[in-house]
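Residue numbers (full-length UniProt numbering): 2 to 229. Just so it is clear, CB atoms sit at the ideal spot from N, CA and C, and this is done for glycine as well. The structure displayed is predicted, hence computed values, not measured ones.
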Ligand code: ADP
Ligand code: ADP
């Protein structure tokens, strides 16, 4: 049983730019997936479809067996968490605590459940000491942790990160690799969009390579080492 199944997905932006031209693939539960491709390949457009932020114009997406459409849009947002490349796109509340609470509150959990989830996510990310701080004053790496905590607080089965290593210092990159490993141990399906072929070759089990709106190649990480 696939955790994500994408079949013949097409998408064009309003200005007519075609971003996806018939993308199909399926992913096994618990897999570590690297999504590679140069700027403009269609990675972000694809990722936005996987959690219902964009709905297919043509083609079908199934997540945990359910087709994504208007009716399952909210459901899928809880099942699939996205950490955007730039934390300023997703960290905006007046305190770190409120920021991490935003998702669970939106999902309608009780205040006890929200508190439990937020405290847990802050602890996992090692940012409890920042909980009263305004996120806009934090360093880039700290903001990134807040953004990840906000996603973890939803306890999604599938976690997507768009260029997670970008702009992090070496220490931040090491921490992030540990977080990915920990999520993998929890049985999460992980999808990381990256330009970094070395990281993908070292980390991923499954590699998807996009180019110009199509899936150019799909395979194991050996696909990357063979190319060198
Ligand atoms: P990637 O994430 O791989 O860099 P994107 O999915 O961002 O690729 O972009 C795919 C294509 O869609 C590119 O040609 C890009 O210029 C275009 N595109 C992305 N966002 C928009 C937008 N909001 N409006 C119009 N075109 C867009
Ligand atoms: P790409 O085109 O590869 O997606 P961009 O150069 O557009 O990457 O940068 C992505 C985002 O990261 C931008 O919104 C930018 O403001 C932010 N950014 C770039 N450099 C830094 C940095 N050193 N610190 C914090 N944010 C940055």
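ask   = With burial defined as no fewer than 16 other Cβ atoms inside 10 Å of the residue's Cβ, what is the status of residue 190: buried or exposed?
value = It counts as buried.
key: Below-8 Å beta-carbon distance, residue 76 vs any chain D residue   = As a matter of chain content, chain D is missing from the structure shown, which is built from one protein chain.
ask   = When burial is assigned at 16 or more other CB atoms within 10 Å of the CB, is residue 146 buried or exposed?
value = By the 10 Å Cβ count, residue 146 comes out buried.
query = Measuring from the CB of residue 212, is there a heavy atom of ligand 1 at a distance below 7 Å?
reply = For ligand 1, not one heavy atom lies less than 7 Å from the Cβ of residue 212.
message = On the CB-based measure, 16 or more other CB atoms within 10 Å of its CB, does residue 199 come out buried or exposed?
response = By the 16-neighbour rule on beta-carbons within 10 angstroms, residue 199 is exposed.
message = If the criterion is Cβ atoms closer than 8 Å, does the pair residue 26 and residue 179 meet it?
response = Here residue 26 is not near residue 179, since their CB atoms are 8 Å or more apart.
query = When the Cβ atoms of the region 205 to 223 are set against those of the region 42 to 54, are three or more pairs found closer than 8 Å?
reply = Verdict: yes, contact present.
query = Apart from the five residues just before and just after residue 185, which ones in its own chain have a Cβ nearer than 7 Å to its Cβ?
reply = Non-local beta-carbon contacts of residue 185 in its own chain, meaning distances under 7 Å to residues more than five positions away in sequence, involve 33 and 191 in chain order.
query = To the nearest whole angstrom, what separates the beta carbons of residue 66 and residue 157, a pair I think is in contact under 8 Å?
reply = The C-beta distance from residue 66 to residue 157 rounds to 16 Å, too long to meet the 8 Å contact threshold.
key: Meets three-Cβ-pair contact criterion under 8 Å: the region 157 to 168 and the region 78 to 96   = Short answer: they touch.
Cutoff 7 Å; reference residue 142; Cβ partners in own chain excluding five residues on either side = Listed in chain order, the non-local C-beta contacts of residue 142 below 7 Å within the same chain comprise 169, 170 and 173, local neighbours out to five positions each way being set aside.
key: Length of the line joining the Cα atoms of residue 86 and residue 167   = Straight-line Cα distance between these residues: approximately 7 Å.
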